[in-house]
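Structure first, commentary second.
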Amino acid sequence: HRLRLLPMVLRGVAQRQLEVTLLGDQTLSMPIGILPTALHKYAHPDGEAATARGEHTIVTLMILSIYSSTSMEAVKEAAPKGLRWFQVQMIPNLDFVRNLVRRAEGAGYRALVVTVDMPVDGKKIVEREESSSIPGGIRCANFEGIMNSEDTLPNAPLFKKQAWSDPSQTWDHVTWLMSISKLPVIVKGITTGAIILHLLQYF
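If you want it as structure tokens, here you go:
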């Protein structure tokens, strides 16, 4: 299908307002936010802390990746007044997930974003033998304290063996997530209207 933009004219647009409110009381300066992407320290030594400071400057939203190279608590310290949501991945170890959710609540994150379109782990570039070198000190910081520190390196043998996706996940996993937290749960990865209609059967 072709999409066409059909702009209106002579509408008096001297005063423009891009501000939007999400979930009732979370206000953004524009309907644009930062999606969860892993390991920002690849791009900048301050990692997700620098991203959070930038997000706060323009008053928008940052969704912190479960695989961030800066801990969720350190991101909060970098931009205490910023608006942040936390990405959740439904891995087989639900106690692991529960631990992350509790920490996100304690660190002032305003919602949980559960990724549902990755039921199996992908073949990531860093996992290929020809590209296995990761700059020193870059690790999945949210897992420190849950896993041994050396195992939080993305190229560590135990990290690679860990199941970071659960192929058995269903909508029951989403309802479980809702049952353990008072934070709003946003489902990430919905691609069709049919999925939404199916989802409504559960909520």
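In my numbering, the protein residues as written are 1185 to 1387. Glycine included, C-beta positions come from ideal geometry on N, C-alpha and C. Note that the structure is predicted; figures quoted are calculated from it, not measured.
Cβ pair residue i, residue j closer than 7 Å
i: E1232; j: T1254; result: yes
i: I1250; j: N1283; result: no
i: D1350; j: I1275; result: yes
i: Q1273; j: T1299; result: yes
Closest by C-alpha distance to residue i, when choosing among the options
i: T1359; options: P1351, V1369 and Q1271; result: V1369
i: I1218; options: T1299, S1365, D1356 and L1267; result: L1267
i: G1321; options: H1185, P1229, A1222 and Q1201; result: P1229
i: L1296; options: V1197, K1372, I1379 and T1354; result: K1372
i: M1302; options: K1265, R1323, T1354 and Y1386; result: T1354
Euclidean distance between Cα positions of residue i and residue j
i: E1261; j: M1246; result: 14 Å
i: V1285; j: Q1199; result: 41 Å
i: F1280; j: M1214; result: 34 Å
i: M1256; j: R1287; result: 8 Å
i: G1375; j: F1270; result: It is Thr, not Gly, that sits at residue 1375 in the sequence shown. Approximately 21 Å between the Cα atoms of the pair.
i: Q1210; j: P1220; result: 18 Å
i: G1238; j: I1364; result: 31 Å
i: R1188; j: L1194; result: 19 Å
i: I1216; j: A1227; result: 21 Å
i: S1352; j: M1192; result: 48 Å
i: K1225; j: W1348; result: 21 Å
i: H1382; j: I1242; result: 36 Å
i: E1314; j: N1277; result: Per-residue confidence for E1314 stands at a pLDDT of 42, beneath the threshold of 50, marking its modelled position as unreliable; the derived number appears in the next sentence. For E1314 and N1277, the distance between alpha carbons rounds to 30 Å.
i: V1304; j: L1223; result: 20 Å
i: A1325; j: A1291; result: 14 Å
i: I1380; j: L1361; result: 18 Å
i: L1384; j: L1207; result: 18 Å
Element boundaries [alpha helix (DSSP H), containing residue i]
i: K1260; result: M1256 to A1262
i: V1358; result: W1355 to I1364
i: Y1284; result: For the record, residue 1284 in the displayed sequence is Leu; it is not Tyr. First-last of the alpha helix (DSSP H) with L1284: L1278 to G1290.
i: I1379; result: G1377 to L1383
N-terminal and C-terminal residue of the beta strand (DSSP E) that residue i is part of
i: L1212; result: Q1210 to L1212
i: I1369; result: Per the sequence presented here, residue 1369 reads as Val, with Ile not at that position. First-last of the beta strand (DSSP E) with V1369: V1369 to K1372.
i: T1389; result: No information on residue 1389 is available, as it lies outside the stretch 1185 to 1387 that the chain covers here.
Nearest-angstrom Cβ-Cβ length linking residue i and residue j, presumed shorter than 8 Å
i: L1367; j: R1294; result: 7 Å
i: L1212; j: E1203; result: 7 Å
i: H1240; j: A1263; result: 4 Å
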